[in-house]
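Trainee:
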Amino acid sequence: VNLLLSKWMRELEKVFYGNIVAFDTAMLPEAKPGDLQNAVWKNVFAEDGSSKLDASALPAVMSFTRYIRRECICLSLTVKKLSGCVHMSQMPITKGT
189 VNLLLSKWMR
199 ELEKVFYGNI
209 VAFDTAMLPE
219 AKPGDLQNAV
229 WKNVFAEDGS
239 SKLDASALPA
249 VMSFTRYIRR
259 ECICLSLTVK
269 KLSGCVHMSQ
279 MPITKGT
């Protein structure tokens, strides 16, 4: 059981750190405009990890991308002393997303 759990945890760790790298890279100033949207699609919405964006998911992907950018701006404005006491904004839920 430990061996199977360890293997599963290693795979989960790879996915986690892969997502971090994808999002961090997409947020760099030199990133292309669609990089964050593509990272959101591939790492959050695409069930099979496909890189081709499904048109029906576009509103949700765009909404989540805007949310990420807005929260990063909010976090950048947070006083360093308060960095452990951060409240995230509510993401508006629209019908069909």
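For what it's worth, my numbering labels the leading residue of the sequence shown as 189, then goes sequentially.
Idealized CB from N, CA, C, for every residue including glycine.
Computed from a predicted model, the values in this text were never measured in an experiment.
Say whether the region 192–200 touches the region 210–224, bearing in mind that this needs 3 or more beta-carbon pairs closer than 8 Å, one atom from each stretch.
Mentor: No, they do not touch.
Trainee: Can you tell which of F233, R254 and W229 has the C-alpha that lies nearest to the C-alpha of M279?
Mentor: Checking every option, the nearest Cα to that of M279 belongs to R254.
Trainee: Restricting to runs no shorter than 4 residues, where is the alpha helix (DSSP H) found entirely within the region 197–256?
Mentor: DSSP runs (the alpha helix (DSSP H)) wholly in the region 197–256: 223–228.
Trainee: With a threshold of 16 other CB atoms inside 10 Å of the CB of V204, please say whether the residue is buried or exposed.
Mentor: Sequence check: residue 204 is Phe here, not Val. Per the 10 Å Cβ criterion, exposed.
Trainee: Using the rule of at least 16 other Cβ atoms within 10 Å of the residue's Cβ for burial, across every protein chain shown, is K230 buried or exposed?
Mentor: Classification for K230: buried.
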